[in-house]
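Input: a single structure, listed below in structure tokens.
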Amino acid sequence: MTATADIGAGAAPLRFRDPARSRALVERLRAVTAEIGRAPVSVMHVCGSHEQAIARFGLRSTFPPALDVIMGPGCPVCITDVPEVDEGVALALQGVRLCTYGDMLRVPGTVKSLADAHADGARIDVVYSIDQAVALARRASEEVVFFATGFETTAVATAAALLAGPPPNFSVLSAHKYIPPVMEIVAEMPGTRVEGFLAAGHAATITGWGVFEDFVAAHRLPVVVAGFEPLDILAGLVGLVELVRDGAPRVVNLFPRCVTREGNRNAQAALWRVFVPTGGRWRGIAHVPNGNLRLSDEFATFDARRRFRIDVSRLWDHAPPRLLARCICGDIMAGTRSPSDCALFGRECVPDDPVGACMVSSEGTCRIWHQYGGHPDLRVQP
Amino acid sequence: MCLGVPGKVVSVDGFLAMVDFWGVQKQVCLHIVDEPVGPGDYILNHVGYAIRKIPESEIAATLAMYDELLAGGAGDLMGQDVRGEIAAGQEKVGP
Numbered sequence: 000m001t002a003t004a005d006i007g008a009g010a011a012p013l014r015f016r017d018p019a020r021s022r023a024l025v026e027r028l029r030a031v032t033a034e035i036g037r038a039p040v041s042v043m044h045v046c047g048s049h050e051q052a053i054a055r056f057g058l059r060s061t062f063p064p065a066l067d068v069i070m071g072p073g074c075p076v077c078i079t080d081v082p083e084v085d086e087g088v089a090l091a092l093q094g095v096r097l098c099t100y101g102d103m104l105r106v107p108g109t110v111k112s113l114a115d116a117h118a119d120g121a122r123i124d125v126v127y128s129i130d131q132a133v134a135l136a137r138r139a140s141e142e143v144v145f146f147a148t149g150f151e152t153t154a155v156a157t158a159a160a161l162l163a164g165p166p167p168n169f170s171v172l173s174a175h176k177y178i179p180p181v182m183e184i185v186a187e188m189p190g191t192r193v194e195g196f197l198a199a200g201h202a203a204t205i206t207g208w209g210v211f212e213d214f215v216a217a218h219r220l221p222v223v224v225a226g227f228e229p230l231d232i233l234a235g236l237v238g239l240v241e242l243v244r245d246g247a248p249r250v251v252n253l254f255p256r257c258v259t260r261e262g263n264r265n266a267q268a269a270l271w272r273v274f275v276p277t278g279g280r281w282r283g284i285a286h287v288p289n290g291n292l293r294l295s296d297e298f299a300t301f302d303a304r305r306r307f308r309i310d311v312s313r314l315w316d317h318a319p320p321r322l323l324a325r326c327i328c329g330d331i332m333a334g335t336r337s338p339s340d341c342a343l344f345g346r347e348c349v350p351d352d353p354v355g356a357c358m359v360s361s362e363g364t365c366r367i368w369h370q371y372g373g374h375p376d377l378r379v380q381p
Numbered sequence: 000m001c002l003g004v005p006g007k008v009v010s011v012d013g014f015l016a017m018v019d020f021w022g023v024q025k026q027v028c029l030h031i032v033d034e035p036v037g038p039g040d041y042i043l044n045h046v047g048y049a050i051r052k053i054p055e056s057e058i059a060a061t062l063a064m065y066d067e068l069l070a071g072g073a074g075d076l077m078g079q080d081v082r083g084e085i086a087a088g089q090e091k092v093g094p
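Structure below.
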């Protein structure tokens, strides 16, 4: 077990409207990065909200040139794999009533998205919460399937809804993902440049920061848990780069107002009763051992994969769009390339007509970069 | 999906709370939150479930951050996401 610290606890709350504190953190980040004395120093965050905040507040323009802050596989919509979308499309076209989060509608499957299936006459409802899908099943006599996507924070909602006893005509098609295992995959990728991770605060609210201790011990890479305010992110990066400089891999929690070491045990108990971790692909990235959450045997009767024969093969009777073959979303989410390396970005692939999943979701790297002028990294803007 | 939205609990009935989000009142499930929650408490809501009771000392700073996000214009993805989360769930789905 590596040494850990809950530094920051009890400190005065960070406020991003505090320009003096912000300037001090920017200066500190420059100084610490300079002390490492090489370039680039590469760190990865795994959260769409972190990237939104970095882009929205122009933080990259304040980073030292030697520091590379990469967005990894942190967009839950983007990493939902093509065959998982195909399963949802096939189920909807087979006549069940499919409910899902709105972000999922335009995510490309092999040939069709759920929006395409809807245009073809399939019944697809966008819900804000799984509870709306359960309520719909109670009012309806037909089969209602909830296509469940997202990380820990939405998986616990799915778990709670199943534990609360949904009606017999309700089932779940789970495409939930679990973040800690994919950090291992990224850390082990050949040629990876990642020297440390900024972990997402709210997912860690569920798991606790202790979940990263084994990762740090195994991979000798530091992890800092950070919140979503610009000052939280700057403080997180300072902490992370200090750990890189010191060659001191450990877990540091800089989001103590939301994250404890143990996390939310109630939520964890629900999560691990309803789900079992299984290996599976994350879109474009890799097979991730234990990265997918599937329903446990106890909830087999609510598992759409066990209730229905899902025939995805008939979706493949015509060729997938040719543009998709040129999409580099996988490399972008793995952190090896950026949107500016993509020939489609901002040309064939735009928010109104996305080719890849990263341009669909408001938490996708390409969507965020496109929103904020195509290249929010002002240091290298031509 | 990732950010969640804080709200003030108005009333509690079993595992269901009525929660106020900047003037919009919605039901939030309390199955997951690991502390007792009562009227006046603030919770962090993720897709209709409270995942955390916000400690008293952190309420002001948390709300200030969201106030800032909500002040953003139409082109601001974070503000859009937060506004979307606040508005979502009011509509009745299906028949």
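Quick note, the sequences are listed as chains A and B, same order.
Position one of the first sequence corresponds to residue 0 (numbering that gives the first Met the number 0), numbered consecutively onward.
Position one of the second sequence corresponds to residue 0 (numbering that gives the first Met the number 0), numbered consecutively onward.
Beta carbons: idealized from backbone N, C-alpha and C, even for Gly.
Could you tell me which residues DSSP puts in a beta bridge with residue i?
i, result
"R96 of chain A", "A:V143"
"N67 of chain A", "The question names Asn, but residue 67 of chain A in the sequence shown is Asp. Its beta-bridge partners are A:S41."
"F344 of chain A", "A:C348"
"C28 of chain B", "B:L15, B:Y48"
"S10 of chain B", "B:M17"
"Y41 of chain B", "B:K7"
"I123 of chain A", "A:L97"
With the cut-off set at 8 Å, would you say residue i and residue j are in Cβ contact?
i, j, result
"H369 of chain A", "V349 of chain A", "yes"
"I367 of chain A", "E86 of chain A", "no"
"V106 of chain A", "A299 of chain A", "no"
"L161 of chain A", "F301 of chain A", "yes"
"V32 of chain B", "R51 of chain B", "yes"
"L387 of chain A", "V42 of chain A", "Residue coverage of chain A in this structure runs from 0 to 381, which leaves residue 387 of chain A outside it and unanswerable."
"L104 of chain A", "V144 of chain A", "no"
"Y177 of chain A", "P276 of chain A", "yes"
"G88 of chain B", "G47 of chain B", "yes"
"H286 of chain A", "R293 of chain A", "no"
"H117 of chain A", "F274 of chain A", "no"
"T364 of chain A", "I327 of chain A", "no"
"L172 of chain A", "R37 of chain A", "no"
"S112 of chain A", "E362 of chain A", "no"
What residue from the options has the CA that sits closest to residue i's CA?
i, options, result
"T148 of chain A", "A:P338, A:I232, A:V84", "A:V84"
"N291 of chain A", "A:F301, A:F307, A:L270", "A:L270"
"V110 of chain A", "A:G164, A:C328, A:L314", "A:L314"
"I205 of chain A", "A:E151, A:A247, A:P165, A:V243", "A:E151"
"H218 of chain A", "A:A234, A:A247, A:V224", "A:A247"
"S56 of chain B", "A:I129, A:E142, A:P255", "A:P255"
"D67 of chain A", "A:E183, A:P75, A:L197, A:I78", "A:L197"
"E142 of chain A", "A:Q267, A:V215, A:A158, A:G94", "A:G94"
"R282 of chain A", "A:D17, A:A91, A:V81, A:N168", "A:V81"
"D19 of chain B", "B:G71, B:G39, B:L68", "B:G39"
"E34 of chain B", "B:F14, B:Q26, B:E67, B:W21", "B:F14"
"L239 of chain A", "A:L230, A:N265, A:E212, A:E194", "A:E194"
"F227 of chain A", "A:V25, A:A54, A:P39, A:I35", "A:A54"
"A49 of chain B", "A:V40, A:A132, A:T157", "A:T157"
Quick check on residue i: buried or exposed, where buried means 16 or more other Cβ atoms within 10 Å of its Cβ?
i, result
"R59 of chain A", "buried"
"S337 of chain A", "buried"
"P189 of chain A", "exposed"
"V9 of chain B", "exposed"
"H201 of chain A", "buried"
"S140 of chain A", "exposed"
"D296 of chain A", "exposed"
"P221 of chain A", "buried"
"G71 of chain A", "buried"
"S21 of chain A", "buried"
"L13 of chain A", "The pLDDT assigned to L13 of chain A is 38, lower than 50, so where the model puts this residue is not dependable; a value taken from the coordinates is nonetheless given after this. Buried."
"L43 of chain B", "buried"
"D340 of chain A", "exposed"
"A159 of chain A", "buried"
"V251 of chain A", "buried"
"E187 of chain A", "exposed"
"Q267 of chain A", "buried"
"M0 of chain A", "The pLDDT assigned to M0 of chain A is 34, lower than 50, so where the model puts this residue is not dependable, and the model offers no usable value."
"S312 of chain A", "exposed"
"D352 of chain A", "exposed"
"D231 of chain A", "buried"
"Q26 of chain B", "exposed"
"L73 of chain A", "Note on residue identity: the sequence assigns Gly, not Leu, to residue 73 of chain A. Looking at its Cβ environment, which holds 16 or more other Cβ atoms inside 10 Å, G73 of chain A is buried."
Taking Cβ-Cβ distances shorter than 8 Å, what residues in chain C pair up with residue i?
i, result
"G13 of chain B", "Of the protein chains in this structure, namely A and B, none is chain C."
- In chain order, each alpha helix (DSSP H) run of at least 4 residues that lies wholly inside the stretch 146 to 200 of chain A: 151 to 162, 178 to 187
- Task: Entirely within the stretch 262 to 301 of chain A and at least 4 residues each: give me those alpha helix (DSSP H) ranges in chain order.
- Result: 264 to 273
- Item | Segments assigned beta strand (DSSP E), at least 3 residues, entirely inside the stretch 201 to 247 of chain A | 222 to 225
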